[in-house]
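Asker:
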Amino acid sequence: MRIGANAARAVPGSGVLLCALVAALTVVPALAGTGGQEQPRVEGEYGLVVTRDSGRITVRWLTGEPAAGYLEARSGERLLHRDTTPSGAGHLVRFADPGSGHVRLRYGAADGDSLLETTLWLGEGSGAGRRETVFGARDSLWVVGDVHGHYDRLRRLLANAGLVDAGGRWTGGHSHLVLLGDLMDRGPHVTRTLWFVYRLQAEAREAGGRVSVVLGNHEIMVLTGDHRYVPSRERLLATRYGITYGEMYHPRRSLLGEWLTRQPAAIRVGDVLLAHGGIGPAYLDMSVPELNDSLTTYVSEDLFEYWSDTTVQITPRDSAVVMRRVQFLFEGPSVFWYRDYARTDSAGETLRELLRRRDARLHVIAHTPVPTIRHSYGDSVVLADLERPATEMLLLVREGEDYQRWVYGMEGAPRRLGGADSTSPGTRR
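The numbering used here puts the first residue of the sequence shown at 436, with every later residue one more than the last.
(1) Given a cut-off of 7 Å on the beta-carbon distance, is the pair Val632 and Glu669 in contact?
(2) For Arg517, does the count of other Cβ atoms within 10 angstroms reach 16, so buried, or fall short, so exposed?
(3) Measure the alpha-carbon distance for Arg774 versus Pro804 and round it to whole angstroms.
(4) Helix or strand or just coil, what does DSSP make of Val734?
(5) In terms of DSSP beta bridges, what is Trp841 paired with?
(6) Using the Cβ count rule (16 or more neighbours within 10 Å means buried), how would you classify Ala467?
(7) In this structure, does DSSP put Leu550 in helix, strand or coil?
(8) Less than 6 Å between C-beta atoms, sequence neighbours within five positions excluded: which residues of the same chain meet that for Ser575?
(9) What would DSSP say about Ile800, mapped onto helix, strand or coil?
(10) Secondary structure at Val761, three-state DSSP: helix, strand or coil?
(11) Pick out the complete alpha helix (DSSP H) segments inside the region 647-725, 4 residues or longer, and give them in chain order.
(12) Which residue's Cα is closest to the Cα of Gly712: Met828, Asp548, Leu614?
(13) Taking the alpha-carbon of Arg621 as reference, which of Thr493, Ile800, Glu654 has the nearest alpha-carbon?
(14) How many whole angstroms separate the CB atoms of Arg663 and Glu740, which I take to be in contact at a CB cut-off of 8 Å?
(15) Quick check on Leu483: buried or exposed, where buried means 16 or more other Cβ atoms within 10 Å of its Cβ?
(16) Output needed for His802: all residues of its chain with C-beta closer than 6 Å, excluding positions within five of it in sequence on either side, in chain order.
(17) Tell me whether the region 678-692 and the region 642-649 touch, counting them as touching only if at least three CB pairs, one residue from each stretch, are closer than 8 Å.
(18) Quick one: residues in its chain with C-beta nearer than 8 Å to the C-beta of Gly470, no 5 flanking neighbours on either side, listed in chain order?
(19) Taking the alpha-carbon of Leu927 as reference, which of Ser689, Gly847, Tyr776 has the nearest alpha-carbon?
(20) State yes or no: is the C-beta of Val770 within less than 7 Å of the C-beta of Ile714?
(21) Would you mind giving the Cβ-Cβ distance between Leu852 and Ser815, rounded to the nearest angstrom? I have them listed as a contact below 8 Å.
(22) Under 8 Å Cβ to Cβ from Arg703, same chain only, skipping five residues before and after it: list those, please.
(23) Measure the Cβ-Cβ separation of Ala524 and Leu550 and say whether it is below 7 Å.
(24) May I ask which residues mark the beginning and end of the beta strand (DSSP E) holding Leu629?
The following block contains the structure:
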């Protein structure tokens with residue numbers, strides 16, 4: 436059964452020979468499409484792609500100017516691999532996959548003054564990406580709505596709140612930060628944003644804190660082959676490497692793609708419910724763990740991996756099986772797509788029932804953009820998606836049975852979140 440009539444087709448990997456690919460990378464034109472503006476950064480994690488397949492790790496990276504490349508991979512003090520690549524702007528190295536633990540990459544131009552570093556956490560228990568869905572109450576909880584690849588804004592936002600230092604490293608201690616999905620698509624530096632959050636998640640865990648990523652509709656779209664909102668810069672990265680964008684974020688073979696599939700659909704922190712679009716009437720009967728158990732099942736199936744690949748024949752048990760997955764992942768009532776808490780005033784009964792059943796006080800959502808973070812339905816919902824993504828962040832500080840609610844910007848002091856307003860939110864897919 437072929438799936439994905441509304442999604443862009445994901446073309447399988449081409450299997451180009453290593454020597455041919457390296458040669459091709461030396462002649463592909465520089466990244467363009469910036470409208471005459473300054474060329475975007477491509478070095479290090481701005482252009483890093485790591486895939487795992489058949490017991491091997493493949494690392495692809497770019498250098499600003501054509502040069503011989505160098506990569507070194509270590510697990511602790513043990514050298515796993517060291518290699519150089521021919522002169523070019525794009526580089527590729529493969530080495531044996533240790534399967535678990537930390538792998539520290541040092542890579543860049545062989546004749547450069549300094550090499551860049553990225554740590555890979557392999558395996559669900561090794562630091563990044565362990566799916567957790569229910570947390571105890573926190574004295575303070577930080578929440579960021581849709582980021583859409585705006586790495587520089589996100590980093591400034593977190594730095595102003597004291598959650599990262601000048602180098603972008605976690606300084607939030609035991610704090611809990613939640614990103615409400617849509618890290619991907621639209622913006623200038625999606626790849627860099629994902630590597631940044633991937634690292635922060637591991638660093639926060641090691642410090643006793645948490646960085647939770649709740650999947651948004653754009654992660655679901657990209658992982659299932661719908662690339663209509665992928666910015667041209669990201670497409671050009673894939674072209675530069677001679678692969679498809681689908682391979683860059685393949686849900687099984689890409690390190691970041693597989694990491695994304697381990698993130699939840701919704702979480703609960705104390706008496707606060709958090710989801711990208713919101714938990715609407717279609718899912719009132721499902722607890723947060725049950726929602727995430729369904730997601731775990733669906734993303735682990737061949738149907739999810741090959742959703743938009745019409746070259747692969749997938750035969751589900753029956754049409755009802757497919758429809759449950761379509762409804763959960765792609766339709767308006769799903770937690771990734773629901774908008775009624777943000778754009779109507781008629782969902783109050785549903786909201787009250789949701790909060791009653793979950794013994795919750797507050798629902799924080801994103802997905803539907805507003806000019807500034809604001810309340811909806813009195814103060815029972817907070818809308819955290821912004822028309823200018825990643826320019827504000829919500830801070831909830833517990834005070835007795837309720838929360839003080841603050842909004843941080845990219846600079847300056849926070850402001851107290853006011854009462855509900857009547858500003859009509861926009862709509863963004």
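Every residue, glycine too, gets a C-beta built ideally from N, C-alpha and C.
Answerer: Short version:
(1) Glu669 sits away from Val632, with the two beta carbons spaced by 7 Å or more.
(2) Label assigned to Arg517: exposed.
(3) If you take the alpha carbons of Arg774 and Pro804, they lie about 10 Å apart.
(4) Val734 falls in the helix class under three-state DSSP.
(5) DSSP, once it has assigned bridges, lists Leu830, Arg851 as partnering Trp841.
(6) Summary for Ala467: the model assigns pLDDT 42, below 50, so the residue's position carries little reliability, and this model does not support an answer.
(7) Correct three-state label for Leu550: coil.
(8) Here the set comprises Val832.
(9) It is a strand residue.
(10) Reduced to three states, the DSSP call for Val761 is helix.
(11) Secondary structure in the region 647-725: the alpha helix (DSSP H) runs of 4 residues or longer, each lying completely within the stretch, are 652-658, 667-676, 680-683, 690-696 in chain order.
(12) Here the closest residue by C-alpha is Leu614.
(13) Glu654 is the residue among Thr493, Ile800, Glu654 whose C-alpha sits nearest the C-alpha of Arg621.
(14) Going by Cβ atoms, the distance from Arg663 to Glu740 rounds to 19 Å, so no, they are not a contact pair.
(15) It counts as buried.
(16) Excluding sequence positions up to five before and after His802, its CB lies within less than 6 Å of the CB of His711, Gly712, Asp820, all in the same chain and listed in chain order.
(17) No, the region 678-692 does not touch the region 642-649.
(18) Confidence in Gly470 is poor, its pLDDT being 41 and thus under 50, which makes the residue's placement too unreliable to answer from.
(19) In the structure displayed, the chain extends from 436 to 864; residue 927 sits before or after that span and is not available.
(20) Yes. Within cutoff.
(21) About 13 Å; that fails the 8 Å criterion.
(22) Scanning its chain for C-beta atoms nearer than 8 Å, with the 5 sequence neighbours on each side dropped, one finds around Arg703 the residues Thr568, Val569, Phe570, Leu709, Val723, Arg793, Ala795, in chain order.
(23) Contact: no.
(24) That residue, Leu629, is in no beta strand (DSSP E); its alpha helix (DSSP H) goes 625-641.
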